[in-house]
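Peer 1:
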Amino acid sequence: MILLVAFLLPLLSIPFVYISRKESKRRPAGIIVIFSILDLILLLSIAPEILSEGKHVESYYWMPMLGAPLTLFADGVSLSLVVVTLLLIISSIIFASDYMENNGSLWQFYLLIALLTVGLVGVFITANLMIFYFCWEFMLIPTYFIIGEWGYRESYRAAFKFFIFTHAGAVAVLLGIGAIYLLTGTLDIFQAKELLAAAPQDFLKWIFIALTLGFAVKMAIVPLHMWLPDAHSEAPAPMSALLSGVIIEAGAYAILRVSLGTVFPLISDISVNAQILYAMSILGVISAFYGAMTALAENDIKRIVAYSSISHMGYALFGLSLYPCVEGIIGAVLHLVNHAASKGLLFLNAGAIMKQTGIRDINKMGGLASKMPLTAFSTAISSFSIAGIPSLACFISEFFMFMGGFQAGGSDSFYYATTALMIIATVFSLAYVLRFFWKVFLESSKIEKAKDPTILMSIPMIFLSLVVVFLGIWSGPIIHLISSAEIS
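Quick look at the structure:
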């Protein structure tokens, strides 16, 4: 019952948050942190089983009339992502307890984070397509209200844009899931994969397209990205960390688990398979370049980081397009983990800078390295990881994807070309990171008074900085965990 308890535990925190709402603004935050730590411990307890057996499965026969047992499933891929999700939630909540101390009704913010946690954990550990879709849609509701109510200038406009785009994507996902149910009579992902083998090939192709388009909206892949810059830049920094750190990663996970893992292997036409993977690879390259070049031209500190997220989801999609190349898929999953930690940290860094200076325009900053040394050091780790600097997290995952690309190129020269383009895209990533860091921390000072943030904002930045360094220099355990899954 470990996965079932882990799935429901965030819900159990809600009455405690409500009861403690009048005691202090920080008490509800502490409750969410405690429950998230308990959830993390529960999930880590199944790691030895996953490493030895490859997976952990629980089935509960709750609605037999739908032919759909409630199957909860964790392997190295899902466990890696749900662990980094909970680490980021814990860090963001601690950061928010000081960052948002002047905002009213903070207990409602923490309650919505608890609901969001239910959706995120559910997406990563369920093998029942109905529960998966419920969790997929459920994430929209708390995210919409958090962006709208606690965001910045035009928060509700950004929240509405986010809702419309991602809900439209969810409709495409629902069509794909509905088609699977009509063809198989089951919503269990493992049973569906076996029964879909007898389905018409044209149906399988369109099911794959519907599912992947819906998931690509959540990933903010170009040209389905329009919601992301506004949502990320208008959301409060702790929510931006979760949006970029784990919510958009859920889209990539869904493509791997549902589109590629369930439907794609059953499409027998080799030319159709190649066209699908080519399209994914090309969209990955376009997203990587578009995000990096737009970030290079942007001056708003949060929008720079937001466009960077589009770029890095391009990297992830490129890695997934190398299916069934093991190195490419391992690199893509590892990149989701590394990007979550690095980008989540970078959004907290940006929030700390904005909080301490009251400025968003990097052209009006400068000289903050001497005034905010801790923030400067943490930002160096997060931003240079995003740039793919060796010994930091994102370097190793990009390296795996590029090696996978060259391996795939051995049998199809198309991947030599796309891999070369992705390597060139890293140059633009380094360019916008260098410009960002120079303008904020090293250029001549334009701010007279600024200092590092409070201890409750600094602790999450220090912790995530250590995580990013750890993932960069000792990535063996996480690679071993991911490799234990059946990923191709």
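Quick note on numbering that gives the first Met the number 0: the sequence shown kicks off at 0 and runs consecutively. Note that CB positions come from ideal geometry on N, CA and C, so glycine has one too.
1. What would DSSP say about residue 488, mapped onto helix, strand or coil?
2. Mind pulling the alpha helix (DSSP H) runs of 4 or more residues that sit fully within the stretch 13–85?
3. Quick check: what's the CA-CA separation for residue 68 versus residue 53?
4. Once you ignore the five residues that flank residue 332 on each side, which residues in its own chain have a CB closer than 6 Å to its CB?
5. Taking its Cβ as the centre, do 16 or more other Cβ atoms sit within 10 Å of residue 196, making it buried, or is it exposed?
6. Taking the straight line between their C-alpha atoms, what separation do you get for residue 394 and residue 386?
7. Per DSSP, what are the beta-bridge partners of residue 360 in this structure?
8. Check whether the Cβ atoms of residue 447 and residue 339 lie closer than 8 Å to each other.
9. Which residues bound the alpha helix (DSSP H) around residue 166?
10. Are the Cβ atoms of residue 146 and residue 225 separated by less than 8 Å?
11. Can you give me the C-alpha to C-alpha distance between residue 348 and residue 205, rounded to a whole angstrom?
12. Looking at the strands, I want to know which residues DSSP matches up with residue 127.
13. Starting from residue 204 and walking both ways along the alpha helix (DSSP H), at which residues does that stretch end?
14. First and last residue of the alpha helix (DSSP H) that includes residue 149?
15. Under 8 Å Cβ to Cβ from residue 315, same chain only, skipping five residues before and after it: list those, please.
16. Does the beta carbon of residue 304 come closer than 8 Å to any beta carbon on chain B?
17. Could you round the C-beta distance between residue 425 and residue 397 to whole angstroms and report it? I think they count as a contact, below 8 Å.
18. Spatial neighbours of residue 379 within its chain, please: C-beta separation below 6 Å, excluding the five flanking residues on both sides.
19. Between the stretch 366–373 and the stretch 434–445, do three or more beta carbon pairs fall short of 8 Å?
20. Pick from 94, 261 and 444: whose alpha carbon is nearest that of residue 179?
21. What number of angstroms, rounded off, separates the C-alpha of residue 479 from the C-alpha of residue 325?
22. Would you please state the rounded distance, in angstroms, between the beta carbons of residue 289 and residue 228? I believe it to be under 8 Å.
23. Out of 278, 357, 361 and 363, which has the shortest C-alpha to C-alpha gap to residue 321?
24. How big is the Cα-Cα spacing for residue 360 and residue 301?
25. Return the first residue and the last residue of the alpha helix (DSSP H) that residue 233 is part of.
26. If we ignore side chains and look at the alpha-carbon of each, how far apart do residue 436 and residue 174 end up?
27. Can you look up residue 308 in the DSSP assignment and give me helix, strand or coil?
28. Tell me which residues share the same chain as residue 276 and place their Cβ nearer than 7 Å to its Cβ, disregarding the 5 neighbours each side in the sequence.
29. In this structure, does DSSP put residue 473 in helix, strand or coil?
30. Once DSSP output is grouped into helix, strand and coil, what is the label at residue 102?
31. Sorted by chain position, which residues of the same chain lie with C-beta nearer than 7 Å to residue 80's C-beta, five sequence neighbours on each side aside?
32. From which residue to which residue does the alpha helix (DSSP H) around residue 432 run?
33. From residue 291 to residue 20, what does the alpha carbon distance come to, in whole angstroms?
34. Apply the 10 Å Cβ neighbour rule to residue 40 and answer buried if 16 or more other Cβ atoms are within range, or exposed otherwise.
35. Suppose you measure from the CA of residue 15 to the CA of residue 72; what does that come to, to the nearest Å?
Peer 2: The answer reads as follows:
1. Residue 488 is absent from the model: the chain starts at 0 and stops at 487.
2. For the stretch 13–85, whole alpha helix (DSSP H) runs of length 4 or above, ordered along the chain, are 26–43 and 46–52.
3. As a working note, residue 68 is residue 69 in the sequence shown. As a working note, residue 53 is residue 54 in the sequence shown. Distance between the alpha carbons of residue 68 and residue 53: 21 Å.
4. On the sequence shown, residue 332 is found 333 positions in, with the first residue counted as 1. The answer, listed in chain order, is 76 and 481.
5. Looking up residue 196 in the sequence shown gives position 197. With a 10 Å radius around the Cβ and a threshold of 16 neighbouring Cβ atoms, residue 196 comes out exposed.
6. The sequence position of residue 394 within the sequence shown is 395, counting from 1. The sequence position of residue 386 within the sequence shown is 387, counting from 1. Taking the straight line joining both Cα atoms gives about 8 Å.
7. On the sequence shown, position 361 is the one that residue 360 refers to. BP columns for residue 360 point to 299.
8. Locating residue 447 in the sequence shown gives position 448, counting from the first residue. Locating residue 339 in the sequence shown gives position 340, counting from the first residue. The criterion of a C-beta distance shorter than 8 Å is not satisfied by residue 447 and residue 339.
9. Taking the first residue of the sequence shown as 1, we reach residue 166 at position 167. Note, residue 166: alpha helix (DSSP H), 154–183.
10. Within the sequence shown, the letter at position 147 stands for residue 146. Within the sequence shown, the letter at position 226 stands for residue 225. The Cβ-Cβ distance between residue 146 and residue 225 does not fall below 8 Å.
11. In the sequence shown, residue 348 corresponds to position 349, counting from 1. In the sequence shown, residue 205 corresponds to position 206, counting from 1. Looking at the two C-alpha atoms, the distance is approximately 42 Å.
12. Taking the sequence shown and counting its residues from 1, the one referred to as residue 127 is at position 128. In the DSSP output, where bridge partners are listed per residue, residue 127 has 187.
13. Working through the sequence shown from its first residue, we reach residue 204 at position 205. Here the alpha helix (DSSP H) through residue 204 covers 200–218.
14. Taking the first residue of the sequence shown as 1, we reach residue 149 at position 150. Looking at the DSSP string, the run of the alpha helix (DSSP H) that includes residue 149 is 139–149.
15. Indexing the sequence shown from 1 puts residue 315 at position 316. Counting only Cβ-Cβ distances below 8 Å, and skipping sequence neighbours, we find 218, 248, 251, 283, 331, 334, 335 and 338.
16. Going by chain labels, chain B is absent from the structure shown, which holds only one protein chain.
17. On the sequence shown, residue 425 is found 426 positions in, with the first residue counted as 1. On the sequence shown, residue 397 is found 398 positions in, with the first residue counted as 1. Correct: roughly 7 Å between the Cβ atoms.
18. Here residue 379 corresponds to residue number 380 of the sequence shown, with the count starting at 1. Hits under 6 Å: none found.
19. The stretch 366–373, when compared against the stretch 434–445, does touch it at the 8 Å Cβ threshold.
20. Translated into positions along the sequence shown, residue 179 becomes position 180. Of the residues 94, 261 and 444, the one whose Cα lies closest to the Cα of residue 179 is 261.
21. Working through the sequence shown from its first residue, we reach residue 479 at position 480. Working through the sequence shown from its first residue, we reach residue 325 at position 326. Cα to Cα, the separation comes out at about 13 Å.
22. Start at 1 with the first residue of the sequence shown, and residue 289 comes out as number 290. Start at 1 with the first residue of the sequence shown, and residue 228 comes out as number 229. Not a contact, Cβ separation roughly 11 Å.
23. One-based indexing of the sequence shown puts residue 321 at position 322. Ranking the options by Cα distance to residue 321, first place goes to 278.
24. Residue numbering aside, residue 360 sits at position 361 when the sequence shown is read from its first letter. Residue numbering aside, residue 301 sits at position 302 when the sequence shown is read from its first letter. In a straight line, the C-alpha of residue 360 is about 9 Å away from that of residue 301.
25. To locate residue 233, count along the sequence shown from 1; it is residue 234. From DSSP, the alpha helix (DSSP H) with residue 233 extends over 227–233.
26. Reading the sequence shown from its first residue, position 437 is the one you call residue 436. Reading the sequence shown from its first residue, position 175 is the one you call residue 174. Cα atoms of residue 436 and residue 174: separation of roughly 44 Å, rounded to the nearest angstrom.
27. Position 309 of the sequence shown, counted from the first residue, corresponds to residue 308. Correct three-state label for residue 308: helix.
28. Here residue 276 refers to the residue found at position 277 when the sequence shown is read from its first residue. 320 and 322.
29. As a first step, residue 473 must be located in the sequence shown, where it is residue number 474. Correct three-state label for residue 473: coil.
30. Within the sequence shown, the letter at position 103 stands for residue 102. In the three-state DSSP reduction, residue 102 falls in the coil class, being neither helix nor strand.
31. Residue 80 sits at position 81 when you count from the first residue of the sequence shown. Apart from the 5 residues on each side of it in sequence, residue 80 sits with its Cβ closer than 7 Å to the Cβ of 123, 248, 252, 335 and 336 in its chain, given in chain order.
32. For the purposes of this step, residue 432 is taken as residue 433 along the sequence shown, with counting starting at 1. From DSSP, the alpha helix (DSSP H) with residue 432 extends over 413–436.
33. On the sequence shown, residue 291 is found 292 positions in, with the first residue counted as 1. On the sequence shown, residue 20 is found 21 positions in, with the first residue counted as 1. Per the coordinates, the alpha-carbon of residue 291 lies some 42 Å from the alpha-carbon of residue 20.
34. Here residue 40 is taken as the residue at index 41 of the sequence shown, counted from 1. Counting Cβ neighbours within 10 Å, residue 40 comes out exposed, since fewer than 16 surround it.
35. Taking the first residue of the sequence shown as 1, we reach residue 15 at position 16. Taking the first residue of the sequence shown as 1, we reach residue 72 at position 73. Those two C-alpha atoms are separated by around 28 Å.
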